[in-house]
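Colleague: Residue numbers (this note's numbering): 21 to 302. Here it is, the structure, as structure tokens.
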């Protein structure tokens, strides 16, 4: 029986994905696992290289770029492991963190665990972005209040980032996986919000073992645009229309301050401001 299914979404990141796979294989894990690569119709030589270099992995070929969330959902559907470990293609595992994650889940079920993650490091071996918070407007009375928020070995957090999400397969599928209306970015926040209001919580284990080369697989301007689209959709899905428009006004003000950023070209800043002002949800 397969215990753990690694799911890696690939879109024109052949080298990054290869390095991620290699790092897993090099650990020589003692338990049964599978590596599933879901390819979002890459236009580089990813499929040829990965299938030839790693005959032991499973490759799912999508007919178009379905985005991060739907690709992970497809991977979860074909996975046979008890647990899923969703990894970004730009991650490198240098320790067997999965055994600790599985043990923690089995031994701490009284915590109503939804998603687990660990402290990520960047390419310079310094602490990297590993978790996030729900938007202030999403704070809810359903947040668990009867446990210690942070102890020696773990912390209760709002959101484990999508670079290293560990979750039982049955739980992931029971909640429908990621919302496929979100093409890219913030899908992990929306998913964990749904878990949270239904009594399942996210925990960050205070251990390292994964390097996240954040930003290596996406363009920063594209990321801002996608993130804005996603947040608009999430606010409209979960909050009142009034709160949705309040969010739009706040983001418009933020965009005006964004014009002062000296590290970005004026043309890019102007395009972004115009996009924020004119964007309409379908």
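Beta carbons: idealized from backbone N, C-alpha and C, even for Gly. Keep in mind the model is a prediction, meaning the values are calculated, not measured.
Assuming the contact rule is C-beta atoms closer than 8 Å, residue 231 and residue 112 should be a hit. Round their C-beta distance to whole Å, please.
Modeller: Their Cβ separation, rounded to whole angstroms, is 4 Å, which keeps residue 231 and residue 112 in contact under 8 Å.
Colleague: Please classify residue 189 as buried or exposed, where buried requires at least 16 neighbouring CB atoms within 10 angstroms.
Modeller: Classification of residue 189: buried, given that the 10 Å Cβ count is 16 or more.
Colleague: In this structure, does DSSP put residue 165 in helix, strand or coil?
Modeller: The predicted model places residue 165 with a pLDDT of 47, which falls under 50 and marks its position as unreliable, so this point remains unresolved.
Colleague: Do residue 148 and residue 227 have their CB atoms nearer than 8 Å?
Modeller: Contact: no.
Colleague: On a Cα-Cα basis, can you pick out the residue from 198, 57 and 84 that is closest to residue 98?
Modeller: Selected option, being the one with the closest Cα: 57.
Colleague: Please look up how many angstroms separate the CB atoms of residue 89 and residue 53, rounded, as I've assumed it's under 8 Å.
Modeller: About 23 Å; that fails the 8 Å criterion.
Colleague: For residue 180, I'd like the list of residues in its chain whose CB is within less than 6 Å of its CB, leaving aside the five on either flank, ordered along the chain.
Modeller: The answer, listed in chain order, is 135, 137, 151 and 222.
Colleague: Between residue 66 and residue 34, how many whole angstroms is the CB-CB distance? I'm expecting something under 8 Å.
Modeller: Correct: roughly 4 Å between the Cβ atoms.
Colleague: Mind checking if residue 89 is an interface residue toward chain B, Cβ cutoff 8 Å exclusive?
Modeller: No chain B appears in this structure, which consists of one protein chain only.
Colleague: Return yes when the Cβ of residue 219 is within less than 8 Å of the Cβ of residue 132, no when it is not.
Modeller: Going by C-beta atoms, residue 132 is nearer than 8 Å to residue 219.
Colleague: Taking residue 276 as the reference, give the member of 285, 266 and 293 with the closest Cα.
Modeller: Of the listed residues, the one whose Cα sits closest to residue 276 is 293.
Colleague: Check whether the Cβ atoms of residue 103 and residue 23 lie closer than 8 Å to each other.
Modeller: In contact: residue 103 and residue 23 (Cβ atoms closer than 8 Å).
Colleague: Tell me the residue span of the beta strand (DSSP E) that contains residue 54.
Modeller: Here the beta strand (DSSP E) through residue 54 covers 53–59.
Colleague: Would you call the CB atoms of residue 93 and residue 198 closer than 8 Å?
Modeller: Yes, the pair counts as a contact, with Cβ atoms nearer than the cut-off.
Colleague: Below 8 Å on the Cβ atoms is my guess for residue 13 versus residue 204; work out the distance and round it to an integer in Å.
Modeller: Outside the displayed range of the chain (21 to 302) lies residue 13, so it cannot be described from this structure.
Colleague: Between which two residues does the beta strand (DSSP E) carrying residue 211 extend?
Modeller: From DSSP, residue 211 is part of no beta strand (DSSP E) but of the alpha helix (DSSP H) over 207–217.
Colleague: Does DSSP put residue 111 in a helix, in a strand, or in coil?
Modeller: Strand at residue 111.
Colleague: Taking the C-alpha atoms as reference points, what is the distance between residue 25 and residue 273?
Modeller: So the two alpha carbons sit approximately 43 Å from each other.
Colleague: Compute the Euclidean distance between the alpha carbons of residue 165 and residue 176, then round it to the nearest angstrom.
Modeller: With a pLDDT of only 47 at residue 165, under the threshold of 50, the placement of this residue in the model should not be trusted; the figure read from the coordinates follows. Going from the Cα of residue 165 to the Cα of residue 176 covers about 10 Å.
Colleague: Counting only the same chain and skipping the five closest in sequence on each side, list residues whose C-beta sits under 6 Å from that of residue 161.
Modeller: No answer about residue 161 holds up, because its pLDDT of 45 lies below 50 and its placement is not dependable.
Colleague: I'd like to know whether the C-beta atoms of residue 74 and residue 44 end up nearer to each other than 8 Å.
Modeller: Their beta carbons are not under 8 Å apart, which means residue 74 does not touch residue 44 by this criterion.
Colleague: Hey, residue 60 and residue 85: beta-carbon distance below 8 Å or not?
Modeller: Closer than 8 Å, so yes.
Colleague: From what residue to what residue does the beta strand (DSSP E) around residue 174 run?
Modeller: Per DSSP, residue 174 belongs to the beta strand (DSSP E) from 174–177.
Colleague: Under the DSSP definition of a beta bridge, which residues are partnered with residue 78?
Modeller: Per DSSP, 56.
Colleague: Quick one: what's got a C-beta closer than 8 Å to residue 82's C-beta in the same chain, skipping five residues either side?
Modeller: Once the five neighbours on either side are set aside, the close Cβ partners of residue 82 are 58, 59, 60, 61, 91 and 94.
Colleague: To the nearest whole angstrom, what separates the beta carbons of residue 250 and residue 206, a pair I think is in contact under 8 Å?
Modeller: Rounded, the Cβ-Cβ distance is 4 Å, consistent with contact.
Colleague: Less than 8 Å between the beta carbons of residue 116 and residue 49, yes or no?
Modeller: Taking 8 Å as the Cβ cut-off, residue 116 and residue 49 qualify as a contacting pair.
Colleague: Buried or exposed, going by whether 16 or more other CB atoms sit within 10 Å of the CB of residue 68?
Modeller: Residue 68 comes out exposed.
Colleague: For the candidate residues 79, 173 and 146, whose alpha-carbon lies nearest to that of residue 125?
Modeller: Taking only the C-alpha atoms, the option nearest residue 125 is 173.
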